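**Q** Residue numbers (full-length UniProt numbering): 1 to 305.
1) Once the 5 residues before and after residue 5 are set aside, which same chain residues still bring their CB inside 6 Å of it?
2) Considering only the beta carbon of each residue, do residue 186 and residue 157 sit closer than 7 Å?
3) Assuming residue 159 is part of the beta strand (DSSP E), what are its boundary residues?
4) Nearest to residue 184 by CA position, among 84, 74, 193, 191, is which residue?
5) Do you know how far the Cα of residue 267 is from the Cα of residue 238?
6) Beta-carbon within less than 7 Å of residue 101's beta-carbon, same chain only, minus the 5 sequence neighbours each way: which residues are those?
7) Any idea if residue 232 is buried or exposed, counting beta-carbon neighbours within 10 angstroms, 16 or more meaning buried?
8) Do residue 124 and residue 256 count as a contact pair if the criterion is CB distance below 7 Å?
9) Just verifying my parser: in three-state terms, what is the DSSP assignment at residue 287?
10) Please go through the same chain and pick out, in chain order, the residues whose beta-carbon is closer than 6 Å to the beta-carbon of residue 120, but skip the five residues on each side of it.
11) For the beta strand (DSSP E) holding residue 141, just list the boundary residues, first then last.
12) Alpha carbon to alpha carbon, how far is residue 74 from residue 105? Give it in angstroms, no decimals.
13) Within 10 angstroms of the Cβ of residue 52, are there 16 or more other Cβ atoms? Answer buried if so, exposed if not.
14) Under three-state DSSP, which class holds residue 235?
Right, dumping it as structure tokens:
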């Protein structure tokens with residue numbers, strides 16, 4: 001059942017933190033993503049991570065069923081992880097990388113005393129669906145099979161934000177269908193887009209975005225669960241945490257996904273934050289920092305089970 005009462009519908013936030021967060025966003029101009037292949041190339045170049053930048057992440061290429069997938073490995077400072085967290089980056093399925101999240105993943109590795117694994121899944125439009133979910137599910141399966149050998153633990157959580165949350169959900173469904181989802185101790189879904197078919201309110205809002213065309217423009221039926229998981233069979237999943245801001249463009253779909261997960265008999269936690277737009281957990285605001293700490297607390301409890 002959903003872990004939610006009326007008193008907990010909204011995360012408690014102090015008046016000062018709310019004011020500081022609103023002041024931060026008052027100075028920012030919202031925008032849309034790249035609207036063409038040309039714009040996408042420019043944005044990718046601008047957001048690229050300097051390969052010479054200092055980082056404690058280790059790059060590795062794993063091979064699963066003959067397919068090579070690049071990953072980033074962030075070990076905790078202790079050097080002896082008590083769990084594994086699989087992080088799937090966002091970026092509309094068509095930009096960004098695991099290395100862009102090295103700093104956040106290093107901080108989370110220490111907070112959880114866990115190894116954090118990032119996946120450089122293939123991006124659209126060069127590699128449209130199903131390339132990204134293929135890569136993410138393959139890495140999750142690899143961790144289930146080799147976690148003890150590689151990292152000395154089988155405790156496993158996964159999660160992501162935006163497109164990463166969508167991929168976390170599709171990965172979960174693939175693991176369920178493969179009969180190994182019981183190996184996952186919990187999943188964090190931050191502001192995912194769970195309908196890419198324009199049937200739900202949020203899905204209709206983003207229907208004209210270029211990332212939809214780049215990722216699934218070749219697909220006639222976009223209601224398949226591997227693209228729009230809100231329409232899938234959601235039974236038999238581990239505990240899920242839904243994290244969403246009140247000002248997020250995909251708020252409606254996240255609440256709908258919460259309802260669908262609950263109706264399917266799953267346990268679901270909700271964290272709903274005021275004055276929080278899309279991607280707020282990546283922003284250095286009081287509410288963004290609180291949400292990150294809340295997710296850490298939730299993940300620690302899951303990995304300790």
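By construction, the Cβ of each residue, glycine as well, lies at the ideal position given by its N, Cα and C atoms. Computed from a predicted model, the values in this text were never measured in an experiment.
**A** Reading it off the structure:
1) Reliability of the predicted coordinates at residue 5 is poor, the pLDDT of 38 falling under 50, and the value obtained from them is presented with this limitation in mind. Within the same chain, residue 5 has no close Cβ partners at all.
2) yes
3) 156 to 161
4) Answer by Cα proximity: 84.
5) Going from the Cα of residue 238 to the Cα of residue 267 covers about 7 Å.
6) Around residue 101: 87, 89, 118.
7) buried
8) Contact: no.
9) helix
10) 70, 97, 98
11) Premise fails: residue 141 lies in the alpha helix (DSSP H), 131 to 151, not in any beta strand (DSSP E).
12) 7 Å
13) exposed
14) The answer is coil: DSSP assigns residue 235 none of H, G, I, E or B.
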